[in-house]
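Keeping their order, the protein sequence lines are chains R and U. Residue 878 is where the first sequence starts when you use our numbering, and the numbers rise one by one after that. Residue 346 is where the second sequence starts when you use our numbering, and the numbers rise one by one after that. For every residue, glycine included, the Cβ atom is placed at its ideal position computed from N, Cα and C. Please read these numbers as outputs of a predicted model, since none were measured by experiment. One structure below.
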Amino acid sequence: MKNYILLIFFVLNFGFVVNAQEWTVPAEEAEKVSPYIFEDDFVTDGEILYENSCTSCHGTPTENNFMPFSPPPGDPASEQFQSQPDGALFYKIQKGRGIMPVFENILAEEEIWSLIAYFRSFNKEYVQPEFDYGDEVLSELKFDLDFDENIDKLVVKVFSDGEVEEGIDVSAFVVGMFGKFPLGKTKTNELGLAYLDVDPSLPGDKQGNLDILVRVRKGYAIEKATTSMKIAEPAQQTSLIEGRHLWSTGDKAPVWLLVTFLLIVVGIWGVILYIIFGLFRLKKIG
Amino acid sequence: MAEKSNAPRRKSRREFLRKLGTTGAVSIAGTSLLFAGSKTGNSDKTPGSKVKMLDQNNRLVEADVSQVSPVSVKIDAGYLNKKGRKGLPGRKFVMVVDLARCRNARKCMKACQGAHQLRPEQHHINVLEMYDEENGASYFMPKPCQHCDNPNCVTVCPVDATFKREDGIVLIDNERCIGCRFCIAACPYSARTFNWAEPKDAEKYKDVPYDMELNVPQKKGTVTKCAFSADRLREGKLPYCVSACPNGVYYFGDENEDLVTNGTTRETVRLSKLLKQNASYTLMPELGTKPRVYYLPPRRS
């Protein structure tokens, strides 16, 4: 019994000691700010990442349902999280401590920033600090899209400040109802062209259109747009309630059912009326 | 005694009908304005500039500013009823359950019961343990309504309360249901449950107009079933169970697009490929019910 109390005391104390240890972030790391703008799409990327990698310990933000570890993982929407600068959060996610895993080799820097963008979406007062791009000039990206039917490839021509350039990242997706289906990731060639495979068996809508999301990235400059393109064959979309079935609503009941039903109703009423008519005739005779 | 307990219920039903008559009183949300475009877009009436907005099918469309005018929609029982019967045009919803990933976390059941006002013993989706006595082998199988393309339950309904929509979802209308439970007897998958007692939180949902797509508020003496979260699908979101799963068991999507999205990883894959490459199957195919829920086998070598 005594041992138990001692053990409990020890464990509590241990927890306290660990809690008391501040997780210090080097000053230059804490000052780091995101080069990416925390816009809606970026926040959504972060949300998906969070649900995959973080929910198991940190719980759902704003609900304070994180795991009861020591030190507590905390809720990303809480004051404890929001009072820290972006750089400190970035450092802690990257380096980890104790049971907090090291994400340095798992998540790319852009992905970690998207997580922070997601955390900040719960803070109405947050204003994103500006990133000093220094000597690097953000180039203005533009692109044109085309579909080459002969080789079933999506062709993206990228202009960086009006010029074609080699080695710009291009990725493309088909936008589905619930998610983005990746077509691939590639770089532009010396003509500023990027080719992406499109599976010809992908069904389009009634006109054969597919919604294509193209994302172009050069350094910190990102440009993306969704375009509806005629790529697939026009699809024959049939309604699942077409035709007459036993399970259809009354107005679309099978013909044989309607006929049989009407015959039965007419037959029964006919017999009843015939009997009544006969009774009247009997009375007349009698 | 029986009369006494019946008295308040009768009164509330009468009150409810009276409220139905005066549509204004029913609409809790009052008049909700569906604004197309933002505030700036509204003030900027110069013709030629375009605004982006979502149409009823959740597709991003563009329209000229001068063409756009706010629409007022009364969210009352009549509106919800009409909307629920309609279905999303051009969609055929389909679910794929990857049994190899199910670890019996039962988060899907919890999310579902929370959304649909269900008691703990009532299930729209149930995780069953499939146990082989001889070998001691077991796996877990989540089982929602199969949303059959040839639904027996709809065939037997005498009052047209349960029906199939053009997007494939089989729904039930509480207001029409007479509680005969023919559909429960007809369903080979035991997907339906009956409200024997007052539903959970009945007091809380007392004045809420009945939303067929969410199937809330539930009503004592009626049948309730999985709705593929039709209310969420209308917003372009994944069903409650699918997004609640921590293990990536569920894929959900549109057969017309041939794309399904995993609720956990949000990875989007081709439906036809997923089914073909993983030896997918449906439950009791010999009955010819043509389920819209596919299963991937519990073990893969």
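Checklist entry - Residues in the region 563 to 586 of chain U with C-beta within 9 Å of chain R's C-beta atoms, listed in sequence order? => result Going along the region 563 to 586 of chain U in chain order, one finds LEU578, GLY581, LYS582 and LEU583 with a Cβ nearer than 9 Å to chain R.
Checklist entry - Near R:GLU1110, which residues of its chain fall below 6 Å by C-beta distance, leaving aside the five closest residues on each side in sequence? => result Correct list, in chain order: GLY1085.
Checklist entry - Do you know how far the Cα of R:LEU1087 is from the Cα of R:SER1105? => result Cα to Cα, the separation comes out at about 6 Å.
Checklist entry - Any C-beta of chain U sitting closer than 7 Å to the C-beta of R:LEU828? => result Only positions 878 to 1163 of chain R appear in this structure, which leaves residue 828 of chain R out of reach.
Next on the checklist: On the criterion of 16 or more Cβ atoms from any shown chain inside 10 Å, does U:GLY375 qualify as buried, or is it exposed?
Outcome noted: The pLDDT assigned to U:GLY375 is 40, lower than 50, so where the model puts this residue is not dependable; a value taken from the coordinates is nonetheless given after this. Its Cβ having fewer than 16 others within 10 Å, U:GLY375 is exposed.
Checklist entry - With a CB to CB cut of under 7 Å and the five nearest residues on each side skipped, what residues in its chain are close to U:VAL499? => result Excluding residues within five positions, the ones whose Cβ falls inside 7 Å are THR507, PHE508, LYS509 and VAL515.
Checklist entry - So, do the region 982 to 995 of chain R and the region 960 to 968 of chain R have three or more beta carbon pairs nearer to each other than 8 Å? => result Verdict: yes, contact present.
Checklist entry - Beta carbon of U:CYS457, beta carbon of U:CYS586: below 7 Å? => result Pairing U:CYS457 with U:CYS586 gives a Cβ-Cβ distance under 7 Å.
Checklist entry - Any C-beta of chain R sitting closer than 7 Å to the C-beta of U:LYS618? => result It does not; no Cβ of chain R falls within 7 Å.
Next on the checklist: Along the chain, where does the alpha helix (DSSP H) containing U:ARG430 start, and where does it finish?
Outcome noted: For U:ARG430, the uninterrupted alpha helix (DSSP H) segment begins and ends at 422 to 431.
Item to check | Beta bridge counterpart(s) of R:GLU1040 as assigned by DSSP | outcome: For R:GLU1040, DSSP records a beta bridge to R:SER1037.
Checklist entry - Applying a beta-carbon distance threshold of less than 7 Å, which residues of chain U neighbour R:GLN1114? => result Result: GLY435 and ASN601.
Checklist entry - Name the DSSP beta bridge partners of R:SER1016, please? => result Answer by DSSP bridge pairing: none, since R:SER1016 is not bridged.
Item to check | Buried versus exposed call for U:GLN462 [16 or more other C-beta atoms within 10 Å across all chains shown] | outcome: Around the Cβ of U:GLN462, a 10 Å sphere holds 16 or more other Cβ atoms; the residue is buried.
Next on the checklist: Is R:ALA897 close to chain U? Criterion is C-beta to C-beta, closer than 7 Å.
Outcome noted: Because the pLDDT of R:ALA897 is 49, which lies under 50, any placement of that residue in the model is unreliable, and the number read from its coordinates should be weighed accordingly. At least 7 Å separates the CB of R:ALA897 from every CB of chain U.
Next on the checklist: Give the list of continuous alpha helix (DSSP H) stretches no shorter than 4 residues that lie fully inside the region 898 to 950 of chain R.
Outcome noted: Counting only runs of 4 or more, we get 904 to 907, 917 to 930 and 932 to 935.
Next on the checklist: Distance check for U:TYR476 and U:ALA482, CA to CA, integer angstroms please.
Outcome noted: So the alpha carbons of these two residues sit roughly 6 Å apart.
Checklist entry - Where do the ends of the beta strand (DSSP E) carrying R:ARG1092 lie? => result Looking at the DSSP string, the run of the beta strand (DSSP E) that includes R:ARG1092 is 1086 to 1095.
Checklist entry - Residue range of the alpha helix (DSSP H) that U:LYS635 falls in? => result Under the DSSP assignment, U:LYS635 falls outside any alpha helix (DSSP H); it carries neither an H nor an E label.
Checklist entry - When you compare each of U:ARG637, U:PHE527, U:THR609 and U:CYS447 to U:LEU616 by their alpha carbons, which one comes out closest? => result Checking every option, the nearest Cα to that of U:LEU616 belongs to U:ARG637.
Checklist entry - Along the chain, which unbroken stretches of the beta strand (DSSP E) at least 3 residues long are found entirely within the region 530 to 584 of chain U? => result Runs found: none.
Next on the checklist: Mapping the DSSP letters down to three states, classify R:LYS828 as helix, strand or coil.
Outcome noted: Residue 828 of chain R cannot be examined here, being either before or after the span of chain R that is shown, 878 to 1163.
Item to check | For R:SER1125 and R:PHE1138, the rounded distance between their alpha carbons | outcome: Computed Cα separation, rounded: 16 Å.
Checklist entry - Is U:ASN480 near the ligand HEM, going by C-beta to nearest heavy atom under 6 Å? => result Of ligands this structure carries none, so the ligand HEM is not represented either.
Checklist entry - DSSP beta-bridge partners for U:TYR476? => result Its beta-bridge partners are U:SER483.
Checklist entry - Considering only the beta carbon of each residue, do R:PRO950 and R:HIS935 sit closer than 7 Å? => result R:HIS935 sits close to R:PRO950, with the two beta carbons spaced by under 7 Å.
Item to check | Whole-angstrom distance between U:ARG537 and U:CYS571, CA atom to CA atom | outcome: As the crow flies, the alpha-carbon of U:CYS571 is around 8 Å from that of U:ARG537.
Item to check | Contacting residues, own chain, Cβ-Cβ under 7 Å from R:GLN971 (five flanking each side not counted) | outcome: So the list reads PHE980, GLU981 and ILE989, once near-sequence residues are dropped.
Next on the checklist: Buried or exposed for U:TYR596, going by 16 or more other Cβ atoms inside 10 Å?
Outcome noted: With 16 or more other Cβ atoms within 10 Å, it is buried.
Item to check | Selection from R:LEU1073, R:TYR927, R:VAL1047 and R:THR932 that minimises the alpha carbon distance to R:ASP1029 | outcome: Of the listed residues, the one whose Cα sits closest to R:ASP1029 is R:LEU1073.
Item to check | Assigned secondary structure, R:ILE1141 (DSSP; H/G/I helix, E/B strand, else coil) | outcome: Of the three classes helix, strand and coil, the one that applies to R:ILE1141 here is helix, per DSSP.
Checklist entry - Is DSSP giving R:THR1126 helix, strand or coil here? => result R:THR1126: coil per DSSP, three-state reduction.
Item to check | Sequence-distant residues of the same chain with beta carbon closer than 6 Å to U:ALA547, five excluded per side | outcome: Here the set comprises nothing.
Next on the checklist: Whole angstroms are fine: how far does the CA of R:ASP922 sit from the CA of R:VAL1051?
Outcome noted: For the pair R:VAL1051 and R:ASP922, the Cα-to-Cα distance works out to about 16 Å.
Next on the checklist: Looking at U:VAL504: is its Cβ nearer than 7 Å to the Cβ of U:ILE523?
Outcome noted: Their beta carbons are under 7 Å apart, which means U:VAL504 touches U:ILE523 by this criterion.
Checklist entry - Any Cβ of chain B within less than 7 Å of the Cβ of U:THR538? => result Absent from the structure is chain B; the protein chains it does hold are R and U.
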